Amino acid sequence: MSATWLFAVILVLAVAGFFIGRARAMHDADGDIRKLHSLPIYYGLNVAMAAAVPALVVLLVWQLAQPLVIESMVSKQVPDSVVEKVGALNLVMSDVHRIAEGLDRAVSQGAMTSEFADTIRTEETDIRARLAEVGVPLAADVDPAVLDAAQSFRGIAATGRMLMSVVVLGLAIGGFGVAYWLTGRDFRARKYVEGGLKILLIMAAGIAILTTVGIVLSLVFESRSFFSQYPWYKFFFGTTWSPNFRGDSDLGILPLLWGTAYVSLIALVVAVPVGLFAAIYLSEYAGPRVRAVAKPLIEILAGIPTIVYGLFALTTVGPLLRDYFAQPMGLGNSANSVATAGLVMGIMLIPFVSSLSDDIINAVPQSLRDGSLGLGATSSETIRQVVIPAALPGIIGAILLAASRAIGETMIVVLGAGAAARMDMNPFEAMTTVTVKIVSQLTGDTDFSSPETLVAFALGLTLFVVTLGLNVLALIIVRKYREQYE
Amino acid sequence: MNDMTLMDRKVTTGTVKISAREVQVFYGDTHAIKDVDVDIEDNTVTAFIGPSGCGKSTFLRCLNRMNDTIDVCRVKGSIKLDGQDIYDSKVDPVQLRARVGMVFQKPNPFPKSIFDNVAYGPKIHGLARNKTELAEIVEKSLRRAALWEEVKDRLSAPGTGLSGGQQQRLCIARAVATEPEVLLMDEPCSALDPIATAQVEELIDELRQNFSVVIVTHSMQQAARVSQKTAFFHLGHLVEYGETGQIFTNPVDPRTESYITGRIG
Amino acid sequence: MSDSTLGLPPGSGVPPTSKPVRPSLIEPDPKIRRRHAKERRFRTFGMIAVGIGVLALVVLVGSVLKQGLPAFSQTFIDVPVYLDPAKLDPDGNRDPEEMKKVLTFGYSPLIAAGLQADLVKRGLDKEGVTAKEVAALVSKGAAAQLRDYVLAHPKKLGETIEFRFLANGRVDGYLKGRVTMESAALDSNISPQQLQLVDKLRAAGLVQKKFNWRFITGPDASDNRPEAAGMGVAIIGSLYMMMVVLVLALPIGVAASIYLEEFAKQNRWTDLIEVNISNLAAVPSIVFGILGLAIFINWAGLPQSAPLVGGLVLTLMTLPTIIISTRAALKAVPPSLRDAALGLGASKTQAVFHHVLPLAMPGILTGTIIGLAQALGETAPLMLIGMVAFVRDFPEAPPAGLLDPASALPVQVYNWTQRSDPAFVERASGAIIVLLVFLVLMNTLAIILRRRFERRW
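Top line first, the protein sequences correspond to chains A, B and C. 1 is the number of the first residue of the first sequence in the working numbering; add one for each residue after it. 1001 is the number of the first residue of the second sequence in the working numbering; add one for each residue after it. 2001 is the number of the first residue of the third sequence in the working numbering; add one for each residue after it.
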């Protein structure tokens, strides 16, 4: 039974359980709800939850875990000789997947009988041709060992699916039965329902943790397989980036880090003064009417998707900088440049810096401002000598957060900065960043066993670690700062 | 402290420093101060008393235009400092506040060192020609605020690290350092414990030698202890203004009497 | 007020002379002047900063509108086509199945001939434009349009029917000012003579610009037919993903927030979750793309380019936003309400679900809409899970369609920017306008919700 069907059956059981449980409780109380411990709805919910929740959880976990288990069982079966011939285990396994999928599809489309598919032999049938008929193209003829692996893959998968159906249905019916049996006028249904509900809530909160775990695991595992093929010191200290498909790629991260740092620096040089001054003006000087207009307008900038900024860089800012700055000054004639991407990214960060600074400046107590103004200081003296120093930790935290944003930003640099990895001082030269290379290495035709693809995960890991470090640092600083005035 | 009975207290008949005529203050649509006339004398401690919300703090903040920082606040009428209307459109509030200093309800030392806190005013107003002079001003101000002995060894420590009473005296030192003529104090002891309060009250009495002091307080005892003149505010009106002794022992207005005896408030 | 003048000493108001009179309050000394100049400079910097922000917005939106608005109109050419039965239905039995054997190549000459004949009939001089070049004025997709029509109406064979075909992208560009006589002289795809002919056709009313619904509803087209490219598939793809995000992120986010805000005890575990969520909110979006690629596609084996996968990735990205705003909304409900419910003997759960949650709902929905708006504009993670692929076919209706390949609006924009023909830049900007319209609508809804249900406690 497929997962969708199982899901549907569980839902039906749950809905039925709701009504049956409620009816049973009412019946037991002779229709008088005052005799029940809990409201009737709780009895219904109790049965429904008992039927649905454990079964659905097992279904989900099983669905996620089964591929992993099968993978490890089948990959043990593949003889080393085949692995050597094809090159890498994961290439063999992707063939195994395709053959197994092709056979299943052939059976479901009626192109083969299921017995024929189970006993198919490479000697007797041209499997490649038969599978191509049902729309599963294979790169080469099928190796008998691979076919064996595919068959056992199908076998285990079928057994797994059946076991899953049995276990899940058993759980659903069992849960239903137990809850139904427990239902009675003195049963404290509300307590159980609330307990179950709380577990669901905890699980929802746990998804945040799972996401982080997923990110870390996927980055670490794939990076490990990258570093097993490419030496780490060449990655971290290499000064050339030139991937090619002959297999002698130079994958040094330094030029990418340089580009990332350069673009981010320009972005911050634009965004920090503008954002900070805008925040100061709006919170300390502007009248209510100016504030009511200007503040939302600047905040709109924050809601504009980065692809829009990217297009803006590509079609407007890039040519503008090239025609009016780079070419007259003899600094190159590329529309894609660090300056383009940095400037546009700076604009994107203005609202980010200004709204963070605004919060922070507003957190400085009014009494400090009054104290300074009461001594005869002008507003700007008050801001520069009292407000800003008092808010400094918070502002530094905001700048760190903005830096982390800039480093992780993708679309603006993809469209604005260029693709040439280069370490240059000229801001009107096209350079590239870590995020651009992650995109370019992972889009298009990718082969998940070559270092040229896997390097993207190592880049992602680097990016993740750097931004995480900045975020944590910023959060600590800001939190400390807030405590100071609370 | 002052052990004299109220009736014995010497009444200063100094010169008028600030004279207010027909002052009205509006907060948006609220009429907060109604038609207040008052003359504040030099070298005198004048106390503003009254129940909370009576407008005494609002009126105090009018005297150095601190209300300018509130968008919805409007002031009408005339307030003259040494005969000059401080609400004249040509008057610079910055210059005004250098002459009319202010100490606030809650001690609000800047997050800087003790020295920098006191030096802040002289620095922005350019009162010292060099570092030595600045150090002299700081010392003199701290002495005037009776804080010097306690902090002279740790002038570079943060001002926020002092105790509440010390912080408030630091704020007074900070205000005194700019050599104002009038010192406005908005309930300067309300956030302090009794011992710190006693110290600050003693200080206020000494400050009278050099400044005209206006103090807002909701403690009648405090008004009686430190002031020579008392003004009683009620619902935005200045109900009664006169010698402190006379207000407390022989009030003219029945509302004043009710307040003094604790029937309204 | 009579009582307000009480106690005034007689003769007050006379300026005192006991102390040395200070400098006037009105006449500033040089020092004060310098300080005020500084103040004005500082203030001006602030105004300039605000001005830069507003100006950036105006220029940004202005440039998108200027480039993108023309994409919504398109140049069409009216051509009377004689549906020649001998060519289109050689067997002569009007069976659509058999007529399918005639491919679009069979239809192109009919259009060329129709246009040619029309020129002659109207007495328009081609002036050195070859027959092939005349035919090239019509979009390369016109033959397919004609074929679809004929296969749907086999009875019409033998008639001459007036068709409105898309004009070639360059002709469209000429009408919109993107292509000029000068640029055409250097262009191998169009010549100035052709453009002069277009001018004549235009004068005759055969060539005209019309609002182009197909740009919004139609599928993407290949590299050499920018005039036919539409964003229908991308809109559907984005819509599907938003559905997935809404269905998953709203309940999960609300549940997680309720737990953290109402039930969780202050301990390490809760602390860990909280730090985790605030960090996830700041993780670069592309990292979520890597996560999606590694977990959902490589590991779980879900198909590439599927809206379901995109929706899952965006859900994980949006969750922190929703959780943070939901918690703020829950926090804003005063504790006295919870106490009131608990005091009546309600359980904690009842208090939360009956009283707190309904009151926090507008805030939660506002946060959710803002999260959705963020997800709608997200590009980078979708590129990694294969959404950059060229997709021409509309996905089926959900749920099956959630696994069909589709595109997404922002990715479609990116796709068009990567193509060589400048006509695609116009289309990319046009798609951005649609994207921005969606975002404006969503944010307006959020603002209305907030205004309408905003409560002051």
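Here a beta-carbon is modelled for each residue, glycine too, at the ideal position from N, C-alpha and C. Predicted, not measured: the structure shown is a model, and the values here were computed from it.
Taking only beta-carbon positions, decide if residue i is within less than 7 Å of chain C.
| i | result |
| --- | --- |
| Gly1121 (chain B) | no |
| Ala294 (chain A) | yes |
| Val1091 (chain B) | yes |
| Glu194 (chain A) | yes |
| Gln1084 (chain B) | yes |
| Gly1053 (chain B) | no |
Distance cutoff 7 Å, beta carbons only. Does residue i sit that close to anything in chain B?
| i | result |
| --- | --- |
| Lys2031 (chain C) | yes |
| Ala208 (chain A) | no |
| Glu381 (chain A) | yes |
| Asp359 (chain A) | no |
Could you work out which residues of chain F lie near residue i, taking near to mean beta carbons separated by less than 7 Å?
| i | result |
| --- | --- |
| Leu373 (chain A) | Absent here is chain F; the protein component of the structure consists of chains A, B and C. |
Taking the DSSP output, what are the residues bridged to residue i?
| i | result |
| --- | --- |
| Trp241 (chain A) | A:Leu251 |
| Lys2209 (chain C) | C:Thr2075 |
| Met1185 (chain B) | B:Val1103, B:Ile1215 |
| Val2138 (chain C) | C:Ala2167 |
| His1125 (chain B) | His1125 (chain B) is not bridged to any residue. |
| Gln1024 (chain B) | B:Lys1076 |
| Thr1234 (chain B) | First, the amino acid is wrong: residue 1234 (chain B) is His here, not Thr. In the DSSP output, where bridge partners are listed per residue, His1234 (chain B) has B:His1237. |
| Ala1047 (chain B) | B:Ile1215, B:Thr1230 |
| Tyr2082 (chain C) | C:Thr2160 |
Distance check for residue j and residue i, CA to CA, integer angstroms please.
| i | j | result |
| --- | --- | --- |
| Ile2032 (chain C) | Gln1095 (chain B) | 8 Å |
| Ile1086 (chain B) | Ala1231 (chain B) | 21 Å |
| Asp2091 (chain C) | Ala2113 (chain C) | 22 Å |
| Val2021 (chain C) | Leu1081 (chain B) | Below a pLDDT of 50, predicted positions are generally treated as unreliable, and Val2021 (chain C), at 47, falls in that range; the measurement from the model is reported next regardless. Those two C-alpha atoms are separated by around 11 Å. |
| Leu1345 (chain B) | Ile360 (chain A) | The structure shown has nothing for residue 1345 (chain B), since chain B only spans 1001 to 1265. |
| Ala29 (chain A) | Lys35 (chain A) | 6 Å |
| Val364 (chain A) | Glu284 (chain A) | 12 Å |
| Ile330 (chain A) | Asp323 (chain A) | At residue 330 (chain A) the sequence reads Gly, which differs from the Ile that was named. The straight-line gap from Cα to Cα measures roughly 11 Å. |
| Pro2070 (chain C) | Leu2280 (chain C) | 40 Å |
| Thr1030 (chain B) | Val1036 (chain B) | 16 Å |
| Pro79 (chain A) | Ala145 (chain A) | 7 Å |
| Thr2044 (chain C) | Thr2315 (chain C) | 43 Å |
Distance cutoff 7 Å, beta carbons only. Does residue i sit that close to anything in chain A?
| i | result |
| --- | --- |
| Ile2277 (chain C) | yes |
| Phe1104 (chain B) | yes |
| Tyr2259 (chain C) | yes |
| Pro1158 (chain B) | no |
| Val2050 (chain C) | yes |
If residue i sits next to residue j, beta carbons under 8 Å apart, how far is it from one beta carbon to the other, in whole angstroms?
| i | j | result |
| --- | --- | --- |
| Ile298 (chain A) | Ser354 (chain A) | 6 Å |
| Ala1146 (chain B) | Arg1169 (chain B) | 6 Å |
| Ala2142 (chain C) | Leu401 (chain A) | Ala2142 (chain C) to Leu401 (chain A), Cβ: 53 Å. No contact. |
| Thr410 (chain A) | Ser2285 (chain C) | 7 Å |
| Leu131 (chain A) | Ala100 (chain A) | The pair is not a contact, with the Cβ atoms about 10 Å apart (cut-off 8 Å). |
| Phe2076 (chain C) | Arg2164 (chain C) | 5 Å |
| Leu321 (chain A) | Thr340 (chain A) | 5 Å |
| Ala1020 (chain B) | Pro1107 (chain B) | Going by Cβ atoms, the distance from Ala1020 (chain B) to Pro1107 (chain B) rounds to 28 Å, so no, they are not a contact pair. |
Run the proximity test for residue i: is its beta-carbon closer than 6 Å to any non-hydrogen atom belonging to the ligand SAH?
| i | result |
| --- | --- |
| Ser114 (chain A) | In the structure on display, the ligand SAH does not appear, and there are no ligands present to speak of. |
Practice task
Check whether the region 2346 to 2353 of chain C touches the region 2378 to 2398 of chain C, taking contact to mean three or more Cβ pairs, one atom from each stretch, closer than 8 Å.
Solution key: no
Practice task
Decide yes or no for the touch test of the region 360 to 371 of chain A against the region 382 to 393 of chain A: beta carbon pairs closer than 8 Å, at least 3 of them.
Solution key: Between the region 360 to 371 of chain A and the region 382 to 393 of chain A there are three or more inter-stretch CB-CB distances shorter than 8 Å, so the stretches are counted as touching.
Practice task
Take every Cβ of the region 195 to 206 of chain A, pair it with every Cβ of the region 433 to 441 of chain A, and state whether three or more of those distances are shorter than 8 Å.
Solution key: no
Handout entry: Any 3 or more C-beta pairs closer than 8 Å across the region 1131 to 1149 of chain B and the region 1060 to 1076 of chain B
Key = no
Practice task
Inspect the CB distances between the region 1111 to 1121 of chain B and the region 1185 to 1203 of chain B and report whether three or more fall short of 8 Å.
Solution key: no
Problem - the region 2318 to 2325 of chain C contacting the region 2256 to 2263 of chain C, beta-carbon criterion three pairs below 8 Å - result: yes
Problem - At least 3 beta-carbon pairs within less than 8 Å: the region 1219 to 1236 of chain B vs the region 1051 to 1058 of chain B - result: A contact exists between the region 1219 to 1236 of chain B and the region 1051 to 1058 of chain B.
Practice task
Please determine if the region 190 to 200 of chain A and the region 425 to 437 of chain A are in contact, where contact requires at least 3 C-beta pairs separated by less than 8 Å.
Solution key: As far as the Cβ criterion goes, the region 190 to 200 of chain A does not touch the region 425 to 437 of chain A, which means the pair count is below three.
Problem - Three-pair Cβ contact test at 8 Å for the region 294 to 308 of chain A versus the region 2424 to 2435 of chain C - result: A contact exists between the region 294 to 308 of chain A and the region 2424 to 2435 of chain C.
Exercise for the section: Pair every Cβ in the region 418 to 425 of chain A with every Cβ in the region 1132 to 1144 of chain B, then say whether three or more of these pairs are closer than 8 Å. Expected result: Contact annotation: the region 418 to 425 of chain A does not touch the region 1132 to 1144 of chain B, with fewer than three C-beta pairs closer than 8 Å.
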